[in-house]
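S.K.: Residue numbers (our numbering): 42 to 144. Would you mind keeping the following structure in view while I ask a few things?
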């Protein structure tokens with residue numbers, strides 16, 4: 042004869058206090074031009090090529106503008122580089138930007 046006991050348990054997460062909202066649909070990057078901005082501080086020369094490869098495998102017909110087309114967004118000329126960005130992005134037809142990387 043096996044003795045068994047029954048226990049009540051409480052869910053540690055509790056009851057949700059907010060309604061679940063579906064996220065907005067993600068934009069498609071097909072055929073877009075992506076600009077890379079770098080602070081010239083930490084491994085961007087390694088990481089941006091990996092990101093370029095990964096994005097190109099996931100989305101068709103991407104074009105990229107490398108960070109050297111803009112200049113470093115940190116350092117002695119950062120204010121001028123950042124101030125010139127809107128005009129430069131438009132000039133180069135950039136649709137989206139990946140800005141990085143920090144340290």
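Note that the Cβ used here is the ideal one computed from N, Cα and C, for glycine as well.
1. When we look at the beta-carbon of residue 61 and count the other beta-carbons within 10 Å, is it buried (16 or more) or exposed?
2. With DSSP collapsed to three states, give me the class of residue 139.
3. Identify the continuous alpha helix (DSSP H) that holds residue 88 and give its terminal residues.
4. With residue 112 and residue 122 assumed to form a contact (beta carbons below 8 Å), what rounded beta-carbon distance in angstroms separates them?
5. State the start and end residues of the unbroken alpha helix (DSSP H) segment that holds residue 129.
6. So is residue 85 buried or exposed if we call it buried at 16+ other beta carbons inside 10 Å?
7. Our contact map puts residue 83 next to residue 108 with C-beta atoms below 8 Å; I'd like the distance itself, whole angstroms only.
8. Where does residue 79 land, buried or exposed, given buried means 16+ other C-beta within 10 angstroms?
9. When the Cα atoms are used, what is the spatial distance from residue 70 to residue 118?
10. Please name the residue or residues paired with residue 106 in a DSSP beta bridge.
M.R.: Result, derived from the coordinates:
1. The residue labelled residue 61 in the question sits at position 20 within the chain shown. Here residue 61 is exposed, its C-beta having fewer than 16 other C-beta atoms within 10 Å.
2. Start at 1 with the first residue of the chain shown, and residue 139 comes out as number 98. Correct three-state label for residue 139: strand.
3. Taking the first residue of the chain shown as position 1, residue 88 is located at position 47. Per DSSP, the continuous alpha helix (DSSP H) segment holding residue 88 begins and ends at 85-99.
4. Residue mapping note: residue 112 aligns to position 71 of the chain shown, counting from 1. Residue mapping note: residue 122 aligns to position 81 of the chain shown, counting from 1. About 4 Å; that satisfies the 8 Å criterion.
5. Taking the chain shown and counting its residues from 1, the one referred to as residue 129 is at position 88. Looking at the DSSP string, the run of the alpha helix (DSSP H) that includes residue 129 is 119-132.
6. For this step, residue 85 is matched to residue 44 along the chain shown. Burial check for residue 85: the Cβ neighbour count within 10 Å reaches 16 or more, so the residue is buried.
7. Mapped onto the chain shown, residue 83 falls at position 42. Mapped onto the chain shown, residue 108 falls at position 67. About 13 Å; that fails the 8 Å criterion.
8. In the chain shown, the residue the question calls residue 79 occupies position 38. Burial check for residue 79: the Cβ neighbour count within 10 Å reaches 16 or more, so the residue is buried.
9. The residue given as residue 70 occupies position 29 in the chain shown. The residue given as residue 118 occupies position 77 in the chain shown. Rounded to the nearest whole angstrom, the CA to CA distance from residue 70 to residue 118 is 31 Å.
10. The residue you call residue 106 lines up with position 65 of the chain shown. Partner(s): 76.
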